[in-house]
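Student:
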Amino acid sequence: MVVYNLYIFNRNGQCLFYREWLRRRQIKMTQEEEFKLMNGFIYSVKSFVQRLTPTDLKDGFVSFKTNCYKLHYYETPTGLKFILNTDNNVDNIRHILHQLYSTIFVNYIVKNPRYSALDIINNDQEIFIEKLDEFISNLSIFSQTNKI
Amino acid sequence: MSRTNVKQNIDTRRVTQELFTLTYGAFVAQILNDYEHVDEVNKQLDKIGYNIGVRLIDDFLARNPTVGRCHDFRETADVLAKQGFKTYLGITPSITNWSPAGDEFSLLLDGNPLTEFVELPDGPGQKLSYNQMICGAIRGALEMVQLEVDCRFVQDQLKGDNTTELRVKFLKKLEDALPVGED
Amino acid sequence: MSSSGYYFVIVGHADQVVYEIELGGSNGQTTDNRHLNQFIAHAALDLVDEAMWRNTTTYLKQVDKFNEWNVSAYVTAGGLRFLFLYEHLPRSGEDGLKNFLTEVYETYVKLLLNPFYVPDKPIRSAAFDKKIQTIARKWNL
Chain B
1 MVVYNLYIFN
11 RNGQCLFYRE
21 WLRRRQIKMT
31 QEEEFKLMNG
41 FIYSVKSFVQ
51 RLTPTDLKDG
61 FVSFKTNCYK
71 LHYYETPTGL
81 KFILNTDNNV
91 DNIRHILHQL
101 YSTIFVNYIV
111 KNPRYSALDI
121 INNDQEIFIE
131 KLDEFISNLS
141 IFSQTNKI
Chain C
1 MSRTNVKQNI
11 DTRRVTQELF
21 TLTYGAFVAQ
31 ILNDYEHVDE
41 VNKQLDKIGY
51 NIGVRLIDDF
61 LARNPTVGRC
71 HDFRETADVL
81 AKQGFKTYLG
91 ITPSITNWSP
101 AGDEFSLLLD
111 GNPLTEFVEL
121 PDGPGQKLSY
131 NQMICGAIRG
141 ALEMVQLEVD
151 CRFVQDQLKG
161 DNTTELRVKF
171 LKKLEDALPV
181 GED
Chain G
1 MSSSGYYFVI
11 VGHADQVVYE
21 IELGGSNGQT
31 TDNRHLNQFI
41 AHAALDLVDE
51 AMWRNTTTYL
61 KQVDKFNEWN
71 VSAYVTAGGL
81 RFLFLYEHLP
91 RSGEDGLKNF
101 LTEVYETYVK
111 LLLNPFYVPD
121 KPIRSAAFDK
131 KIQTIARKWN
141 L
């Protein structure tokens, strides 16, 4: 199992943070465009899922799969969106994304008085990045292939 | 790092109530010294509370993974009183005086830890809304979950009233921002 | 001071009056004696300061006598002096006086925890007044 990359968006659709662990293919657009595309896509899928659901939705949109990767989605009631791409062998990891939010994001970003709720997370948030890497690399879904 | 581990960490790092109460007291007294008008002090306390609220809500949700979006305002009131106040102030206010439309309620604060030992100063100081920070925090926290509310004290034991009553009024539901170019 | 009256004063670090109250006695004579009371209390301060270093306790018992008035003192850990002027000990006796002063000290500490009270400034709280009177009644002053 492989973890590819992570996006964190705030409720205004701004990308607060991006990190990749494995990304072999280069895409032909700027990072800014990529974030915009991702946000717009998530927004559409979310509303699509909500509108067309045949029964009452519990968790809403959780993940989708293509033939080569799986996108996991977790949104907090405060509108923070966590998007993690993995390979196809990964099951539902909603609880892991919640854990990432509650133990890493809240502790090292929200509780940092220097950070304000709408700031983009810069590379100087070293502790956050370090803890995030530690968290991800200790996951069972983060296998050896990632470490090449 | 497991979830229970984090919880333990939080619990062992408690401070005594007196330290908390005195810190808040010293803090309010200092702002009262620094600003000339009591109204301005109330405004500042509200602002500080708001800034706390917008952060606190994330901490609250992190600790209470079962809390999701509320279906109605009554549920919000319940979570606020029974979980929010309980977690951060150690008290559980009672919810009363619902407006007929169900968009406004009162919280009766019993034994507010912030106001222990406090006696308001004479003169203009009597107009000080000592707990205004709580209002700001509620407003900030609810705003982050897309609820715009108005929050104020209508009765205050520090001002000689029988109870301390906090009124929360629902104003509107805030919508998620649309991505650029989407409809 | 009427024969059954008492005068209680809290003296701050700069020998200023922080709080004073007349207890017991009839109300008619209060204003006449205020200066005299302060004068006696002030005269006793030096003796309090001396006694304070000879004792390890906070309650110093009687430290001074001026004509028919006795002065007992209590010194807090923070260096505040409580003086108590009387002609005769209250009905509750020496112990009653000691308990009175100890309880007043406890009340004072609570006041000190009020963020709006500045140490050494005159105490103007009505609630404090009330509490002192309650304690005084409790110990038959």
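Chains as they are written, first to last, in the UniProt record's numbering: chain B, 1 to 148; chain C, 1 to 183; chain G, 1 to 141. Glycine included, every Cβ here is placed at the ideal spot set by N, Cα and C. Computed from a predicted model, the values in this text were never measured in an experiment.
(1) What in chain C is Cβ-close to R124/G, meaning under 7 Å?
(2) Which same chain residues end up closer than 6 Å to K81/B when comparing Cβ atoms and leaving out the 5 residues on each side of it in sequence?
(3) Let's test the definition: count the other Cβ atoms within 10 Å of the Cβ of G28/G and tell me whether it reaches 16, buried, or not, exposed.
(4) Going by DSSP, which residues form a beta bridge with Q155/C?
(5) How about I48/C and M133/C: are their beta carbons less than 8 Å apart?
(6) When you compare the CB of R141/C with every CB in chain G, is at least one pair closer than 8 Å?
(7) Using CA coordinates, which residue listed in Q83/C, L108/C, K159/C is at the minimum distance from A127/G?
(8) Since I believe E148/C is in contact with L128/C (beta carbons under 8 Å), could you give me their beta-carbon distance rounded to a whole number of angstroms?
(9) Is it right to say M29/B is buried, meaning 16 or more other beta carbons lie within 10 angstroms of its own, or is it exposed?
(10) Could you check how far apart the C-beta atoms of L166/C and C135/C are, in whole angstroms? I think they sit under 8 Å.
(11) Measure the alpha-carbon distance for V17/G versus P122/G and round it to whole angstroms.
(12) Quick check: is the beta carbon of A43/G nearer than 8 Å to any beta carbon in chain C?
(13) Apart from the five residues just before and just after I57/C, which ones in its own chain have a Cβ nearer than 6 Å to its Cβ?
(14) For I121/B, does the count of other Cβ atoms within 10 angstroms reach 16, so buried, or fall short, so exposed?
(15) Find the nearest neighbour of E103/G within the set N114/G, H88/G, Q133/G, P115/G, judged by alpha-carbon distance.
(16) Classify Y7/G as helix, strand or coil using the three-state DSSP reduction.
(17) Could you tell me whether the Cβ atoms of residue 191/C and Y50/C are closer together than 8 Å?
(18) Would you check if the stretch 59 to 73 of chain G and the stretch 84 to 99 of chain G touch, i.e. whether three or more CB-CB distances between them fall below 8 Å?
(19) With a cut-off of 8 Å, does the C-beta of R55/C fall near any C-beta of chain B?
(20) For F85/C versus P93/C, is the C-beta spacing smaller than 8 Å?
(21) First and last residue of the beta strand (DSSP E) that includes T102/G?
(22) Taking the straight line between their C-alpha atoms, what separation do you get for D161/C and Q155/C?
(23) What is the DSSP secondary structure of H72/B, reduced to helix, strand or coil?
(24) For Y101/B, go through chain C and note every residue whose CB falls closer than 7 Å to its CB, in chain order.
(25) Give the interface partners of G68/C over in chain B, defined as CB-CB distance under 7 Å, in chain order.
(26) What are the uninterrupted segments assigned as alpha helix (DSSP H) that are 4 or more residues long and contained completely in the stretch 77 to 119 of chain C, given in chain order?
(27) Identify the continuous alpha helix (DSSP H) that holds R51/B and give its terminal residues.
(28) Cβ atoms of F73/C and G102/C: under 8 Å apart, would you say?
(29) Can the beta-carbon of G24/G be found less than 8 Å from the beta-carbon of L141/G?
(30) Can you name the start and end residues of the beta strand (DSSP E) that D64/G belongs to?
(31) What number of angstroms, rounded off, separates the C-alpha of K36/B from the C-alpha of T23/C?
(32) Give a yes or no on whether the C-beta atoms belonging to R94/B and V62/B are separated by under 8 Å.
(33) Only counting the same chain, and skipping five residues up and downstream in sequence, which positions put a Cβ closer than 7 Å to that of N112/C?
(34) May I ask you to report which of helix, strand or coil DSSP gives T66/B?
(35) For P124/C, which residues in the same chain have their Cβ closer than 7 Å to its Cβ, ignoring the five residues on either side in sequence?
(36) Between K131/B and the rest of its own chain, which residues show a CB-CB distance below 6 Å, the 5 nearest in sequence each way excluded?
Tutor: In brief:
(1) D122
(2) F9, E75
(3) Per-residue confidence for G28/G stands at a pLDDT of 46, beneath the threshold of 50, marking its modelled position as unreliable; the derived number appears in the next sentence. It is exposed - the Cβ of G28/G has fewer than 16 other Cβ atoms within 10 Å.
(4) E165/C
(5) yes
(6) Checking the sequence shown, residue 141/C turns out to be Ala, not Arg. So, not an interface residue.
(7) K159/C
(8) Between E148/C and L128/C the Cβ distance is about 26 Å, and since that is not below 8 Å, they are no contact.
(9) exposed
(10) 7 Å
(11) 7 Å
(12) no
(13) A141, M144
(14) buried
(15) Q133/G
(16) strand
(17) Any answer about residue 191/C is impossible in this case: the structure gives chain C only from 1 up to 183.
(18) yes
(19) yes
(20) yes
(21) Counting along the chain, T102/G falls outside any beta strand (DSSP E), though it belongs to the alpha helix (DSSP H) covering 93 to 112.
(22) 6 Å
(23) strand
(24) A62
(25) P77
(26) 86 to 89
(27) 31 to 52
(28) yes
(29) yes
(30) 59 to 66
(31) 44 Å
(32) yes
(33) I91, N131, T164
(34) coil
(35) V38
(36) I104, Y108
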